[in-house]
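Numbering (this note's numbering), first residue to last: 1294 to 1494. Cβ atoms here follow ideal geometry from the backbone N, Cα and C, with glycine treated the same way. Heads up, the thing below is written out as structure tokens.
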Amino acid sequence: MIFIAIISFSIIFVVNFVPLYYWFVSKFDLASLIHISKHELMMNYINLLKYLNFFWITKWDRTIKASYTGLIHFEEVKILVEINNIIGIIFILLSYFIIRKRMKNKTLWQFIIPLKLISSGLLIFFSIVFIYFYQLFILFHKLIFANNYWIFNPTTDPIIKVLPIDFFEASFILIVLIAYLFGLILYFKCRDELKKLSTSS
């Protein structure tokens, strides 16, 4: 449960971490690829994030043209993002109460071995994903989406020109780093509790 909360929170954070995309826009002059200003591109991107995150926003407010199938794909992505947001909120709250209760009962240290095992397994998994990111990125889309609408035509869906795969790879790396950071914080909390229990006994 806590593992799911950490991963879900990491995804929520990175999806909405606008500075990462702004860096890519500035570094690679992405706006020039579709002949608009950096400001206009960022406004389109921020509006896209609002559309993806909030269920009451039913339309992407944009100035960039998009095809019918392209918009359907973003509708499907919106569903995934909103599901993750709901899962994140629920599991973060549950994890908070679980950790709080265990800290009160001095049983948080029992997470030490599970944390080590999960961290080791994830390190192997994330390493494989990092090495074969492009292939797995394509496979992910084929498995998750029941159509080929995620294959954008740059002419009818120029947004694909300004969403390079390197940006998604950087997002994945950031998700992993944040997840491991929270895992380390929890691990040291557990270890400190165990040390205190050992000293007092």
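- Residue burial is scored here from C-beta neighbours: D1485 has fewer than 16 other C-beta atoms within 10 angstroms and is therefore classed as exposed.
- For Y1480, same chain residues with a beta-carbon under 6 Å away, outside a window of 5 residues either side, are L1408 in chain order.
- Take the alpha-carbon of F1418 and the one of I1297: they are about 16 Å apart.
- Rounded to the nearest whole angstrom, the C-alpha separation of N1378 and N1441 is 25 Å.
- Around W1402, the same chain offers C1483, R1484, E1486, L1487, L1490 as residues with beta carbons nearer than 8 Å, after the five sequence neighbours per side are excluded.
- Of the residues assessed, G1476 falls on the buried side of the cut-off, its CB having 16 or more other CB atoms within 10 angstroms.
- In this structure, the beta-carbon distance from L1313 to A1463 falls below 9 Å.
- Cβ neighbours of V1308 within its own chain (closer than 6 Å, five residues either side excluded): none.
- For I1376, the three-state secondary structure derived from DSSP is helix.
- Of all C-beta pairs linking the stretch 1372-1388 to the stretch 1333-1350, three or more are shorter than 8 Å, placing the two stretches in contact.
- Distance between K1454 and T1448, taken at the CA atoms: about 9 Å.
- In the three-state DSSP reduction, Y1480 falls in the helix class (H, G or I).
- Looking at the backbone, the Cα of K1343 and that of L1386 are separated by about 23 Å.
- The Cβ neighbour count for K1358, taken over all protein chains shown within 10 Å, is under 16; the residue is labelled exposed.
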